[in-house]
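**Student:** Same order as they appear, the protein sequences are chains F and R. Per the working numbering: the first sequence ends with 761, consecutive numbering throughout. Per the working numbering: the second sequence ends with 904, consecutive numbering throughout. Every residue gets a Cβ at the ideal spot worked out from N, C-alpha and C, and that includes glycine.
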Amino acid sequence: MPLVVALLSAPAAAAFGMLRPAGAAPVGAAFCALAFGATLWGFASGGGAVDVAWAPSWDLRLHLELDGLAALYALLATGVGFAVLVYSSRYLPLHLEHQDRPLSDGTSFYFFVLLFMGSMVGLAMAQDLILVFVFWDLTAIASYYLIGFDSHDPDSRASALMALLVTGVTAVLLLIGAVMLYAAHGTFSIPELAGRVEPGPLLTTAGLLIAVAGLAKSAQVPFHFWLPRAMAAPTPVSAYLHSAAMVAAGVLLLGRLYPLLQKSDVLLDVLLVVGSLSMAVGGVLALTRDVLKQLLAYSTVSQYGYVVVMYGLGGEYGAVGASFYVLVHALCKSALFLSAGTVTEATGSDRLSGLGGLYRSMPLLAVGSGVAAAGLAALPLTAGFFKDELFFAAALERGPVFAGLAVFGAALTFAYTWRFWGGIFLGTSDAEADRTSGVLVLPVVALGGLTLLGGIFVGPYLGLALAAGSDSLRAPADVVAAYHLDARPENLMALATYGLGVAIVLSRPLWSGAAGALSRLGERAGPERLYGMGLRGLNGLSDRAHRAEARDLRSRVAAILLPGGILAGAGILVTPTGGTYRVGTVEAGDIPLLLALVPVAVAALTTTFTKRHVTLALVLSSAGFVLALVYAFFGAPDVALVAVLVETVLTLLFLGTLRLIPYEVLHRQAGLPTEKRPRKVFFAAVAGASTFAVVWATLSRPAPERSVAEEHLKRTPEAHAGDAVTAILADFRGLDTLGEISVVALVLLAVLTLLRGGRLR
Amino acid sequence: MILILSLVIAVIFGSGAFLILQRDLFRVVVGIVLISNAANLFIISAGLTRGEPPIYPLPEGAPVADPLVQAMALTAIVISSSVAALLLSLVYRLYVAHDSVDIEDVSAAEAREAEALERGENPEREEEPRESPADVELREDTR
Chain F
1 MPLVVALLSA PAAAAFGMLR PAGAAPVGAA FCALAFGATL WGFASGGGAV DVAWAPSWDL
61 RLHLELDGLA ALYALLATGV GFAVLVYSSR YLPLHLEHQD RPLSDGTSFY FFVLLFMGSM
121 VGLAMAQDLI LVFVFWDLTA IASYYLIGFD SHDPDSRASA LMALLVTGVT AVLLLIGAVM
181 LYAAHGTFSI PELAGRVEPG PLLTTAGLLI AVAGLAKSAQ VPFHFWLPRA MAAPTPVSAY
241 LHSAAMVAAG VLLLGRLYPL LQKSDVLLDV LLVVGSLSMA VGGVLALTRD VLKQLLAYST
301 VSQYGYVVVM YGLGGEYGAV GASFYVLVHA LCKSALFLSA GTVTEATGSD RLSGLGGLYR
361 SMPLLAVGSG VAAAGLAALP LTAGFFKDEL FFAAALERGP VFAGLAVFGA ALTFAYTWRF
421 WGGIFLGTSD AEADRTSGVL VLPVVALGGL TLLGGIFVGP YLGLALAAGS DSLRAPADVV
481 AAYHLDARPE NLMALATYGL GVAIVLSRPL WSGAAGALSR LGERAGPERL YGMGLRGLNG
541 LSDRAHRAEA RDLRSRVAAI LLPGGILAGA GILVTPTGGT YRVGTVEAGD IPLLLALVPV
601 AVAALTTTFT KRHVTLALVL SSAGFVLALV YAFFGAPDVA LVAVLVETVL TLLFLGTLRL
661 IPYEVLHRQA GLPTEKRPRK VFFAAVAGAS TFAVVWATLS RPAPERSVAE EHLKRTPEAH
721 AGDAVTAILA DFRGLDTLGE ISVVALVLLA VLTLLRGGRL R
Chain R
762 MILILSLVIA VIFGSGAFLI LQRDLFRVVV GIVLISNAAN LFIISAGLTR GEPPIYPLPE
822 GAPVADPLVQ AMALTAIVIS SSVAALLLSL VYRLYVAHDS VDIEDVSAAE AREAEALERG
882 ENPEREEEPR ESPADVELRE DTR
């Protein structure tokens, strides 16, 4: 039911947008709210499942279920989607106005945002790997159009292509992994697979392929480069993409397949390593960026690194913590993105260095995004505090090394979040802020309020995360999150984090050079460069192949004849044919046939060295007429008659064409030196030899006992015909003849068009 | 008989293959016609029985030629002749456009056109048929 509403919303908004461009946003937002309500109601009333056989012969099922994990992501997709749509109803007209584009361009924006939302809800609920793959690619397609929304900008188009390629190519790995699992266990259904898989190389390989797809979508190192580039999208899209869709889809996949993944220690270790790397790289790079959205993009890389690490750490704290983290992060990050958009809209600057001191002119926005920032930095009294508490608890379970890593990562988060918020709202600057519409501020405040609410009444949030976590674990999870005013390790780690974070902020001059060097190193030798090289290489290869294939007809023909001949020859060589070749016998009755065959072969050979075109046409037609004689000797008078007729027409056609083309032009051709003759003779010889082998092998086969021809012969009188061939053509295989007649009709039309056009204009 | 038939078919096919590798488009068409001839002969000779024509009244006791392959060969002959007609009119069309039936000339013109497209020029204007005075005279003469 929520899925139906969510999937319906995109066409509905598009239809309204076509009628009135201004109508798309409210309708879309209304549908969003409806889908949110439906999800909430559906989950509160105990979920629900649809399980319909879709393609039973392939074991494909349309299996959707609104379980805890699905509810969490569906609520995020619809809820944040609602906030984003409300925000864009004001932001998008301004955005289009800046670029001198008509308001109606916005309709496609709403369509794709809602399609994005619908496919995200579907992805959350899908319980079948093929269904997951379908929704997975739908999100990629929607994101392609959204990132490339400013389609006049080549940079924007390149970014969209990059996002599509990185996530699309890795999606194929997901499909391969799914098929591997299917081949081994006979089902695509995730719950059934969870019960059947055994740890082993197969699970590791398939799981790794699927995990790579998820990690690429979540922009983890080394696939992180597409995410900052995707900032070319309008700000609401960035907010949505980062918090509740696309990037979240990656960790959703990990959570959905966690029952499978957790059976392999190798996979969990891979998740740990990749997550920690992303945490560190994303965090450090976020500290170096000046453009607001770039900073937030790298922060997303780092934040999803946390989630991946938590899945890698495993256990109750890991699985529940990961879900809780995604929830809180979505609220905070979308609020921060939206405030970045508002600030840029109000001041015209999208860089930290051009901003500052805005708390005076935009107090409400400062408070709203301040709460969200506090949530991201895990300050007490916000939901964010508990996300770090769970994170620390999960790390502590594994050992002090991980605890240290966790503190370091959290401190990085603290530092760049401070840099973002403090850089915009604190300090002094001459940045002037225009008055902004309340619609651009309210969603931020609402999202910030939700973060704050979670810090005081953590119950509902944690309940959702618990439900999601137990779906990932396939076991009931029981984790408590509350404030404890004692010196337990989690609290000490939080304090250490704040301290370290402040230290990082204060010691900026000490490390900014090193961080800048790292960022430059990433640009020089990072995976983005590899991507660019790969893309250029593929493009060049395709160009070369095109040139080699399409520029010259003869090399193309030779490229078919030679490998074709070699392949046919090889096929005959490896097939055991010993003793099957028969020379056959020549009987007295065959003598005329033999005498007719010889001139055909001689005429064919003659065509190869005839110079003058008229002679060539006559030799060809003589070969055709003698061939008609051969047919007659084969006992085929019908074929012989038709061959004579056709050959006459063809001879006239050839001569007529020669008459149309001036003698001079043809003479130039006839006098040409035959260059590269040995090579052509070689190609022709290969083709002829393989034809010989194939024909001889075929004709040597002994005739089967019964032939369909007997039946044809027997039934000819029933078809009121005297000639069996006629009966076959007109009756038994009439459809073939119909096809033949249509070919002739088409050719007639084509010839008429070609000849009547005269000179090309 | 089998061996001889196979050899003849191979010779026709090989000659056709040699011709379609030529740069003269007219020869290419001749080559394609030859290859279809080889295919037709192959179909006919693949008949399971040889003998009297399969026309009623059927001769008592004597073998009757396989009618199925004959029907197929008929279809094939008609289609290959249509294809030949189409190819011939294409050759004529190419001559009209490029004043040549040489594939090298046509390829070169195509390459020029592609380059012009890449430079952003309008290739249509460059491809006006260039006709030398001698050609015009010649055509007047032949009429």
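Select from the segment 629-645 of chain F all residues with a C-beta closer than 8 Å to any C-beta belonging to chain A, and list them in chain order.
**Tutor:** The chain labelled as chain A is not found among the protein chains of the depicted structure, namely F and R.
**Student:** Can you find the residues in the same chain that come closer than 6 Å, C-beta to C-beta, to residue 745 of chain F, ignoring five residues on each side of it along the sequence?
**Tutor:** For the purposes of this step, residue 745 of chain F is taken as residue 745 along the first sequence, with counting starting at 1. Excluding residues within five positions, none has a Cβ falling inside 6 Å.
**Student:** Starting from residue 97 of chain F, trace the alpha helix (DSSP H) both ways and give me its first and last residue.
**Tutor:** Along the first sequence, read from residue 1 onward, the residue named residue 97 of chain F stands at position 97. Residue 97 of chain F -> alpha helix (DSSP H) spans 68-98.
**Student:** Among all the DSSP beta bridges, which residues are the ones paired with residue 63 of chain F?
**Tutor:** On the first sequence, position 63 is the one that residue 63 of chain F refers to. DSSP, once it has assigned bridges, lists F:51 as partnering residue 63 of chain F.
**Student:** Mind listing the chain R neighbours of residue 615 of chain F? Cutoff is C-beta to C-beta under 8 Å, in chain order.
**Tutor:** One-based indexing of the first sequence puts residue 615 of chain F at position 615. Within 8 Å Cβ-Cβ: nothing; residue 615 of chain F doesn't reach chain R, min ~11 Å.
**Student:** Check the C-beta distance from residue 617 of chain F over to residue 655 of chain F and give it rounded, since I have them as a contact under 8 Å.
**Tutor:** Here residue 617 of chain F refers to the residue found at position 617 of the first sequence. Here residue 655 of chain F refers to the residue found at position 655 of the first sequence. About 6 Å; that satisfies the 8 Å criterion.
**Student:** Does any residue of chain R have a CB that is nearer than 8 Å to the CB of residue 760 of chain F?
**Tutor:** Stepping through the first sequence from its first residue, residue 760 of chain F is reached at position 760. At residue 760 of chain F the pLDDT is 48, less than 50, meaning the model places this residue with poor confidence and gives no usable figure here.
**Student:** Taking the alpha helix (DSSP H) that residue 792 of chain R falls in, what are its first and last residues?
**Tutor:** By 1-based counting over the second sequence, the position of residue 792 of chain R is 31. Here the alpha helix (DSSP H) through residue 792 of chain R covers 786-806.
**Student:** Could you work out which residue in F:98, F:620, F:667 is closest to residue 646 of chain F when comparing CA atoms only?
**Tutor:** As a working note, residue 646 of chain F is residue 646 in the first sequence. Taking only the C-alpha atoms, the option nearest residue 646 of chain F is F:620.
**Student:** Between residue 254 of chain F and residue 732 of chain F, what straight-line distance do the alpha-carbon atoms span, to the nearest angstrom?
**Tutor:** What you label residue 254 of chain F is simply residue 254 of the first sequence in a count that begins at 1. What you label residue 732 of chain F is simply residue 732 of the first sequence in a count that begins at 1. Approximately 59 Å between the Cα atoms of the pair.
**Student:** Between residue 146 of chain F and residue 330 of chain F, which are expected to be in contact by the criterion C-beta below 8 Å, what is the C-beta distance as a whole number of angstroms?
**Tutor:** Within the first sequence, numbered from 1, the residue matching residue 146 of chain F stands at position 146. Within the first sequence, numbered from 1, the residue matching residue 330 of chain F stands at position 330. 17 Å between Cβ atoms; not a contact.
**Student:** Check whether the segment 443-463 of chain F and the segment 321-337 of chain F are in contact - that is, three or more C-beta pairs closer than 8 Å.
**Tutor:** Touching, yes.
**Student:** Residue 888 of chain R to residue 660 of chain F, Cα distance in whole Å?
**Tutor:** Locating residue 888 of chain R in the second sequence gives position 127, where the first residue counts as 1. Locating residue 660 of chain F in the first sequence gives position 660, where the first residue counts as 1. With a pLDDT of 44 at residue 888 of chain R, under the threshold of 50, the modelled position of that residue is not reliable, and no figure is offered here.
**Student:** On the three-state DSSP scale, how would you describe residue 291 of chain F?
**Tutor:** Counting from 1 along the first sequence, the entry for residue 291 of chain F is found at position 291. Three-state result, residue 291 of chain F: strand.
**Student:** Ignoring anything shorter than 3 residues, give me the beta strand (DSSP E) runs that lie fully in the segment 202-264 of chain F, in order along the chain.
**Tutor:** Segments of the beta strand (DSSP E) lying fully in the segment 202-264 of chain F: there are none.
**Student:** Which runs of the alpha helix (DSSP H), 4 residues or longer, sit entirely within the segment 310-379 of chain F?
**Tutor:** With a minimum length of 4 residues, the continuous alpha helix (DSSP H) runs that stay inside the segment 310-379 of chain F are 315-347, 363-376.
**Student:** Note down, in chain order, each residue of its chain lying with its Cβ closer than 7 Å to the Cβ of residue 140 of chain F, except the 5 sequence neighbours on either side.
**Tutor:** For the purposes of this step, residue 140 of chain F is taken as the residue at position 140 of the first sequence. So the list reads 164, 167, 168, 171, once near-sequence residues are dropped.
**Student:** Is residue 447 of chain F near residue 335 of chain F, with beta carbons less than 8 Å apart?
**Tutor:** In the first sequence, residue 447 of chain F corresponds to position 447, counting from 1. In the first sequence, residue 335 of chain F corresponds to position 335, counting from 1. Contact: yes.
**Student:** From residue 861 of chain R to residue 682 of chain F, what distance separates their C-alpha atoms?
**Tutor:** Your numbering for residue 861 of chain R matches position 100 in the second sequence. Your numbering for residue 682 of chain F matches position 682 in the first sequence. C-alpha separation (whole angstroms): 27 Å.
**Student:** Counting only Cβ pairs nearer than 7 Å, list the residues of chain F close to residue 828 of chain R.
**Tutor:** Reading the second sequence from its first residue, position 67 is the one you call residue 828 of chain R. Near residue 828 of chain R (Cβ distances below 7 Å), the residues of chain F are 709, 712, 713, 724, 725, 728.
**Student:** With a Cβ-Cβ cutoff of 8 Å, do residue 527 of chain F and residue 337 of chain F count as a contact?
**Tutor:** Indexing the first sequence from 1 puts residue 527 of chain F at position 527. Indexing the first sequence from 1 puts residue 337 of chain F at position 337. Result no, Cβ atoms of residue 527 of chain F and residue 337 of chain F do not sit closer than 8 Å.
**Student:** What do you reckon, are the CB atoms on residue 198 of chain F and residue 127 of chain F nearer than 8 Å?
**Tutor:** Indexing the first sequence from 1 puts residue 198 of chain F at position 198. Indexing the first sequence from 1 puts residue 127 of chain F at position 127. Going by C-beta atoms, residue 198 of chain F is not nearer than 8 Å to residue 127 of chain F.
**Student:** Count the other CB atoms within 10 Å of the CB of residue 41 of chain F; is the residue buried (16 or more) or exposed (fewer)?
**Tutor:** In the first sequence, residue 41 of chain F corresponds to position 41, counting from 1. Answer is exposed; the Cβ neighbour count stays below 16.
**Student:** Evaluate residue 333 of chain F with the Cβ neighbour count: other Cβ atoms within 10 Å of its Cβ, from every protein chain shown; 16 or more gives buried, anything less gives exposed.
**Tutor:** For this step, residue 333 of chain F is matched to residue 333 along the first sequence. The residue in question, residue 333 of chain F, is buried, as its Cβ has 16 or more Cβ neighbours within 10 Å.
**Student:** Which same chain residues, not among the five before or five after residue 593 of chain F, have their C-beta less than 8 Å away from its C-beta?
**Tutor:** The sequence position of residue 593 of chain F within the first sequence is 593, counting from 1. Cβ within range, chain order: 630, 633, 634.
**Student:** For the segment 801-814 of chain R, enumerate the residues whose C-beta is nearer than 8 Å to any C-beta of chain F, in chain order.
**Tutor:** Flagged, chain order: 801, 802, 803, 805, 806, 807, 808, 809, 810, 811, 812, 813, 814.
**Student:** Whose CA, out of R:829, R:820, R:852, lies closest to the CA of residue 729 of chain F?
**Tutor:** For the purposes of this step, residue 729 of chain F is identified with residue 729 of the first sequence, where counting begins at 1. Measuring from the Cα of residue 729 of chain F, the nearest candidate turns out to be R:829.
**Student:** With three or more beta-carbon pairs closer than 8 Å as the criterion, would you say the segment 83-90 of chain F touches the segment 54-73 of chain F?
**Tutor:** Not touching, per the Cβ criterion.
**Student:** Looking only at its chain, what residues have a beta carbon closer than 6 Å to the beta carbon of residue 788 of chain R, apart from the 5 residues adjacent to it on each side?
**Tutor:** By one-based count along the second sequence, residue 788 of chain R stands at place 27. The residues are 780.
**Student:** What is the C-beta distance between residue 135 of chain F and residue 122 of chain F, in whole angstroms, given that I count them as a contact (C-beta under 8 Å)?
**Tutor:** In the first sequence, residue 135 of chain F corresponds to position 135, counting from 1. In the first sequence, residue 122 of chain F corresponds to position 122, counting from 1. Indeed, because the Cβ distance is near 4 Å, the residues count as touching under 8 Å.
**Student:** Mind checking whether residue 699 of chain F and residue 767 of chain R have CB atoms under 8 Å apart?
**Tutor:** Taking the first residue of the first sequence as 1, we reach residue 699 of chain F at position 699. Taking the first residue of the second sequence as 1, we reach residue 767 of chain R at position 6. It is a contact, given that the beta carbons lie within the stated cut-off.
**Student:** For residue 813 of chain R, which three-state DSSP category applies?
**Tutor:** Position 52 of the second sequence, counting from 1, holds the residue named residue 813 of chain R. Looking at residue 813 of chain R - three-state DSSP - the assignment turns out to be strand.
**Student:** How many angstroms separate the CA atom of residue 415 of chain F from the CA atom of residue 283 of chain F?
**Tutor:** Counting from 1 along the first sequence, the entry for residue 415 of chain F is found at position 415. Counting from 1 along the first sequence, the entry for residue 283 of chain F is found at position 283. Those two C-alpha atoms are separated by around 9 Å.
**Student:** Report the residue from F:271, F:158, F:237, F:276 whose alpha carbon sits nearest the alpha carbon of residue 204 of chain F.
**Tutor:** Taking the first residue of the first sequence as position 1, residue 204 of chain F is located at position 204. The option with the nearest alpha carbon to residue 204 of chain F is F:271.
**Student:** Just verifying my parser: in three-state terms, what is the DSSP assignment at residue 749 of chain F?
**Tutor:** Taking the first sequence and counting its residues from 1, the one referred to as residue 749 of chain F is at position 749. Residue 749 of chain F: helix per DSSP, three-state reduction.
**Student:** State yes or no: is the C-beta of residue 25 of chain F within less than 8 Å of the C-beta of residue 88 of chain F?
**Tutor:** Here residue 25 of chain F is taken as the residue at index 25 of the first sequence, counted from 1. Here residue 88 of chain F is taken as the residue at index 88 of the first sequence, counted from 1. Cβ atoms of residue 25 of chain F and residue 88 of chain F: closer than 8 Å.
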